[in-house]
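Enquirer: Quick one: structure below, then a few questions.
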Ligand SMILES: [Zn+2]
Ligand SMILES: [Zn+2]
């Protein structure tokens, strides 16, 4: 989940935790968009000076809701060349998990940015999807992360390639398995034009065949989105053969039935 410190979400950690308690959750996690090496990189990541405030917000939510287990995490943009920066962030706080995400397929274009949809119209969807999956595979190979974020985010605005993309996602999942990461089932996709969980059934099925563990995420940017559509995510996981998901504490993974 995300707090208003990333500049495109609505609430403080305490408000999201209150909603989770209301809904009967016993465990939640915050994974704010990481600070970038330069604060002027874009306008939707944590500012470097706000990292401590973010950690403090999560600490405050923990104090206010002692009955709720609250995980401290980051969603980290993987951009080739920023590995040292990411290692530095990883060492700054006792994170429970780091989610590796790709939004940027080049230094200047985040393919999911609604203000930059017009960029899609100047590009071949297959080229974009290939670049996206290649970067996400690199992120999985990097050894920096515990979980792969929204694995087919490139479908968000429905620019689907004509070509078969199965080899791209297969390569990704093989890297995910080899490097021991988990795959996130992220319900935010249901709230976007693609109207589908990230990732879709074919990828979840293949992940199950390969024995890749999963997590559940609502990617909430507002209290109303906390735990949104988890029933659908659980149904998808079950249809694909999953009976267990995982959770992380201090970057250590446990597998539990759901
Ligand atoms: Zn966000
Ligand atoms: Zn993301």
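In the numbering used here, the protein residues as written are 78 to 335.
C-beta atoms are modelled at their ideal positions from N, C-alpha and C, and glycine is treated no differently.
Treat the numbers as computed from the prediction; the structure is a model and nothing was measured.
1) State yes or no: is the C-beta of residue 86 nearer than 6 Å to some heavy atom of ligand 2?
2) With distances taken from CA atoms, which of 295, 311, 317 is nearest residue 285?
3) Looking at residue 87 and residue 299, is the spacing between their C-beta atoms short of 7 Å?
4) Taking the alpha carbon of residue 333 as the reference point, which residue from 213, 182, 290 has its own alpha carbon closest?
5) Unbroken alpha helix (DSSP H) runs of length 4 or more, entirely within the segment 150 to 198: which are they?
6) Identify every residue that forms a DSSP beta bridge with residue 216.
7) Please list, in chain order, all residues of the same chain as residue 186 whose beta carbon is under 8 Å from its beta carbon, the five residues on each side excluded.
8) Going by DSSP, name the residue or residues bridged to residue 225.
9) Between which two residues does the beta strand (DSSP E) harbouring residue 292 extend?
10) Which runs of the beta strand (DSSP E) at least 3 residues long sit entirely within the segment 83 to 151? Give them in chain order.
Expert: The short version:
1) no
2) 317
3) yes
4) 290
5) 160 to 169
6) DSSP, once it has assigned bridges, lists no residue as partnering residue 216.
7) 193, 196
8) 177, 260
9) 291 to 294
10) 104 to 110
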